[in-house]
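Structure (structure tokens):
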């Protein structure tokens, strides 16, 4: 593959498939190669070779479809073209792998999380034919993701294996057929029939694992007992001995935990604490919110005083207690369709925190990390950052209508939880809407429990929702639009015209309806969400649109539709709540008109399951992938437009040129990220920075771009010139250049006038400032920042003789490929001779009253003019392609100065003799005239006397051809007639 497509060794092939690529109406039979970063196709048929290379980061859509023209094909779309592949041996496996690789690429665009092989993956017992290690790795990742999503487990949990079995269910007195899953820390079971039974057994809870007696009714059984005296009986296990041994191995590595010794009854109303008590200045067990939720601190009316509502609440609690006695309580509870029914009927307030922790999987994370939250609070409190500033700004906007957040106790608890999470996950930090969700969690949970629920929400249940670009919410917004088109096509067409769906859905999903619906009603949706996941939010959102369909179809503008939906949601009530009504802020603002009829939240939830209950989580995940490609690429396009608009005022390039340059710059950054470079990908890309500074390149990448796009190509001297330009553009001296700095330098070379171009060349040959700045320097610079200042030519420092020699070499190399090469050489020799004399004259004035103590003879170096002549002449004698570093520019001999010294313009009487006599060692031993110097004004004035030089520097460069050539290097498609079909199979791996 690397030879066919010109890929480096770092590019890893995952798998390859035989298929046809549709080029026009003609299918080309060949091989599809899927690597970590590229999709490639190669075909050699009837003397025609077809090669296709597509970066996964450029893919905007990936679809598997079947049409008359393309039977059972895969369509790969980019911004500019579409590619169709068909005639696969197994199209489903190929498409799944393509989806996975595209997803990895999107993750890289989103947070620069590059692919890394899983080194913990065990090696296969025997070599598998045609299966690469990366393919095994990706297959294992896909299985792990499905396993974690199915049982709401932590992100680092790895599936070890699974097998078919049966589980004895004591509540139904029957054996349930399903699959048993074993991982590092859990034993899980899921029934083959959906919602019949699900079981999660943490290994920290297991006390005994033993083989039971086999019988014809119960073959190969295994009994598992927990510390809470629950017993589980699995049977029909194919390899029982290996399974028991595997579980025993995991048990030996499981640390002892005090959680298993805790009675389930102690979970009511507060969390279970770890034995290690964390005592700190900011968070300690003595705080009121460390042991109970805010609702318990601010008691409202007692339930017995509220009549029928209190009785209803008592009945719910009793129903759950019966369920606990029959199905178990805590993490090891049997989860059945009966559990779902109880959740849909509403969770009692006293049990809400416990069950949220259980269904979300947060309880497992909290048990695995005792004391973690307290340590985070101690580390984070007192630190100042952008996240903490935003948190402070939003604290008093979090449920201000609720008593719990009208005093410092609730506000302080909210501050600690949000600050601790921002410290845990600086990639997310803090995002608006997190304060609303977290304040609701604190009402029913302790601080630590609320923290782990927030972790579950942000990192597992609502992935990518709460970041600077709310990508996850935008993805689900696209999924919701697609679902609306499928279930409510007539309404979808009308709503698209008004642009309502994209406006309403973002607030609905980000806050789980908490910001648009009365609190007592919205909290029931949160109950369902923690049990069912995001699908229940989609169902309810579709039900809301369905109930308002007639009114929405009659709307003529977006505002009218928003008003209808807002008034509808304001009047969704919970008639069973035992709490006094909390005024909803939106309802207060829109009151005054005749209120619409009330809608019972239980009726709305029931209606959503009846009409849209066919939604499946796996289908939603598939739709999410499709939308994620669109959303992330759309955000990338938005970023590009923002960068181009910002750079329009700072460069002379056109919009089209800036867009193309941005794509080339970004492509170079991305390529170096996954093919390796001197700096890590995380250092080069920071999503928190402004768009202009997000993508950054190091000196190696800069040299490659300068060579491809720069107008001043100097042959072997190009790397040296590029290094100097990089040093000049890297203003903050972080070893990286961003797009803004890159364009600034490039624009000056292409569109600057003669003075600007010469000034840039002049500055490239001046040494960098190395003196240490004191605080007074920075105070002066800070004061000057407020004043508009433009650098003038008089601000440039003087150039000494050594730097002038390097400038002459650079100019000589720049002219080596010009049509008027000899004329330019003659002109630069004339200018160099003139400037040497100017420097000599200036030296006498600069020395003032100084007297020359000794007259320099030829053996001691001679005049400054003679020294320059010798240096340039000696450049002819040394190898013409000697490579030097930026630090060794004074010894740069990669340029021949034959034309300069042979032009006759440099009046050096001893040039012929010296050229023969001076060797490399002698030149290095010669002494340069340290008093000799010239100014930029003198350089400019001297160059203006030579018309060929003036014409050269006033000529506008053509970057279009350079960009076209650079783009052609990123091979998209080419047709040649070389290689053979036999060579294809040899280079396939």
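In the working numbering, the protein residues as written are 66 to 1054.
Beta carbons are placed, not taken as given, at the ideal position from N, Cα and C, and that holds for glycine.
Classification of residue i by the beta-carbon crowding that lies within 10 angstroms, buried from 16 upward
i	result
residue 452	buried
residue 540	buried
residue 995	exposed
residue 326	In this prediction, residue 326 has a pLDDT of 39, which is less than 50 and means its spatial position is unreliable; what the coordinates show is noted afterwards. Classification for residue 326: exposed.
residue 522	buried
residue 169	buried
residue 303	exposed
residue 761	buried
residue 217	buried
residue 511	buried
residue 373	exposed
residue 682	exposed
residue 720	exposed
residue 677	buried
residue 286	buried
residue 525	buried
residue 111	exposed
residue 601	buried
residue 1033	exposed
Close Cβ partners of residue i (< 7 angstroms) along its chain, the five nearest in sequence each way excluded
i	result
residue 708	727, 756, 757, 804
residue 950	Low per-residue confidence applies at residue 950: pLDDT is 39, beneath 50, and the placement is therefore not dependable, though the value from the model is reported in the following sentence. There are no such residues.
residue 637	582, 583, 586, 664, 666, 669
residue 1089	The structure shown does not extend to residue 1089, since the chain spans only 66 to 1054, so no value can be given for it.
residue 819	1015, 1018, 1019
residue 731	760
residue 396	265, 267, 270, 423, 428, 429
Delimiting residues of the alpha helix (DSSP H) encompassing residue i
i	result
residue 297	Where residue 297 is concerned, there is no enclosing alpha helix (DSSP H), although the beta strand (DSSP E) it sits in stretches over 296 to 300.
residue 813	804 to 816
residue 1012	1012 to 1019
Opening and closing residue of the beta strand (DSSP E) in which residue i lies
i	result
residue 253	251 to 256
residue 564	Run containing residue 564: none; DSSP gives neither H nor E here.
residue 227	224 to 234
residue 140	138 to 143
residue 502	From DSSP, residue 502 is part of no beta strand (DSSP E) but of the alpha helix (DSSP H) over 499 to 509.
residue 246	239 to 248
Chain-order list of residues whose beta-carbon lies under 8 angstroms from that of residue i (same chain, five-residue window excluded)
i	result
residue 549	556, 557, 560, 566, 607, 610
residue 883	889, 1017
residue 85	92, 93, 94, 95, 150, 151, 152
residue 998	863, 864, 865, 866, 904, 907, 908, 911
Cβ-based neighbour list, residue i, same chain, cut-off 6 angstroms, excluding 5 preceding and 5 following
i	result
residue 787	768, 771
residue 222	213, 248
residue 468	363
residue 528	537
residue 616	629
residue 67	none
residue 424	595, 596
residue 653	Confidence at residue 653 is low in this model, with a pLDDT of 45, below 50, so the placement of that residue is unreliable and no value is reported for it.
Whether residue i touches residue j by CB criterion (9 angstroms)
i	j	result
residue 245	residue 228	yes
residue 277	residue 264	no
residue 860	residue 800	no
residue 690	residue 167	yes
residue 307	residue 225	no
residue 811	residue 716	yes
residue 907	residue 798	no
residue 99	residue 174	no
residue 564	residue 625	no
residue 880	residue 815	no
residue 230	residue 301	yes
residue 142	residue 125	yes
residue 605	residue 673	yes
residue 722	residue 497	no
residue 1059	residue 684	The question about residue 1059 has no answer, for the chain in this structure spans 66 to 1054.
Distance between beta carbons of residue j and residue i, contact taken as under 8 angstroms
i	j	result
residue 442	residue 481	5 angstroms
residue 58	residue 200	No information on residue 58 is available, as it lies outside the stretch 66 to 1054 that the chain covers here.
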